[in-house]
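Chains as they are written, first to last, in my numbering: chain A, 45 to 157; chain B, 915 to 1025.
Shown next as structure tokens:
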């Protein structure tokens, strides 16, 4: 019973490098979310998707892009990584809108040097 | 984007004590309120989702109440155990699509 799986779990990048974080869910959920978690702050929404082929900006979208080509996958891209993007990234999915609980992945710890 | 505040920021209690934390949110344009439990090195796990004023939910020794008119929710833990040590997050939504999380209450239960 995998639930929400994030790949990779850890990564170190140099400033200016690009990378893609993958989130996969096997629960047939419509809604998927990308958050970042920084010390002393709650989870902040980067981008979200309400269905295959759709994406929308959250609270802190700058410097990130996303794609939802398949219902089960939600990709988060950093085109040119910056030290300010050092964070722990969490993906979540839900069976419906925000009156349903979110199911989280284990997180990706990303360091930008 | 809502302003969701949690208090206290951290809390130490003795095993067997009962405790409670507060989550406040804007009372206008309310849609749903979530509570999550987040253990170190794990991912957040949903405890409760509440949508109606006066809602009360219970799971074992943990319960929550919701007051949408004044914009607050309480989470109660009865007879705290060391395994209850975690960060408790609340999140509120003003729409069907996104949640805004508070910064959490870090609970440590001392044996």
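Virtual Cβ for every residue (Gly too), placed ideally from N, Cα, C.
### Task
Note down, in chain order, all residues in the stretch 119-142 of chain A with a beta-carbon under 9 Å from any beta-carbon belonging to chain B.
134, 136, 140, 141 and 142
#### Entry: Integer-rounded CB distance, given that residue 93 of chain A should sit under 8 Å from residue 80 of chain A
The pair is not a contact, with the Cβ atoms about 16 Å apart (cut-off 8 Å).
### Query
With 8 Å set as the bound, which would you pick, yes or no: does the beta-carbon of residue 85 of chain A sit closer than that to a beta-carbon of chain B?
yes
### Message
Using only CA atoms, which one of B:1021, B:1014, B:1010 and B:1016 lies nearest to residue 144 of chain A?
### Response
B:1010
#### Entry: DSSP state of residue 18 of chain A mapped onto helix, strand, coil
Look at the range of chain A in this structure, 45 to 157, and you will see that residue 18 of chain A is not part of it.
### Task
Return yes when the C-beta of residue 916 of chain B is under 7 Å from any heavy atom of the ligand COA, and no when it is not.
Ligands are entirely absent from the displayed structure, and the ligand COA is therefore not among its contents.
#### Entry: At least 3 beta-carbon pairs within less than 8 Å: the stretch 937-946 of chain B vs the stretch 986-996 of chain B
yes
#### Entry: Residue-chain proximity (residue 951 of chain B, chain A), Cβ-Cβ < 8 Å
no
### Query
Taking 8 Å as the CB-CB cut-off, is residue 926 of chain B touching chain A?
no
### Query
Taking buried to mean at least 16 other C-beta atoms within 10 Å of its own C-beta, is residue 926 of chain B buried or exposed?
exposed
### Query
In terms of alpha-carbon separation, which member of A:82, A:114 and A:124 lies closest to residue 64 of chain A?
A:124
### chain B within 8 Å of residue 102 of chain A, Cβ atoms only
yes
### Task
Could you check the C-alpha separation between residue 102 of chain A and residue 933 of chain B for me, to the nearest Å?
33 Å
#### Entry: Backbone CA spacing between residue 929 of chain B and residue 993 of chain B [nearest angstrom]
7 Å
### Task
Step through the CB atoms of chain A and report whether any lies within less than 8 Å of the CB of residue 1007 of chain B.
yes
#### Entry: C-beta contact flag for residue 50 of chain A and residue 135 of chain A at 8 Å
yes
### Task
Could you check which residue in A:148, A:157, A:155 and A:152 has the C-alpha nearest to that of residue 71 of chain A?
A:148
### Message
Quick check on residue 942 of chain B: buried or exposed, where buried means 16 or more other Cβ atoms within 10 Å of its Cβ?
### Response
exposed
### Query
With 16 other CB atoms within 10 Å as the buried threshold, where does residue 1019 of chain B fall?
buried
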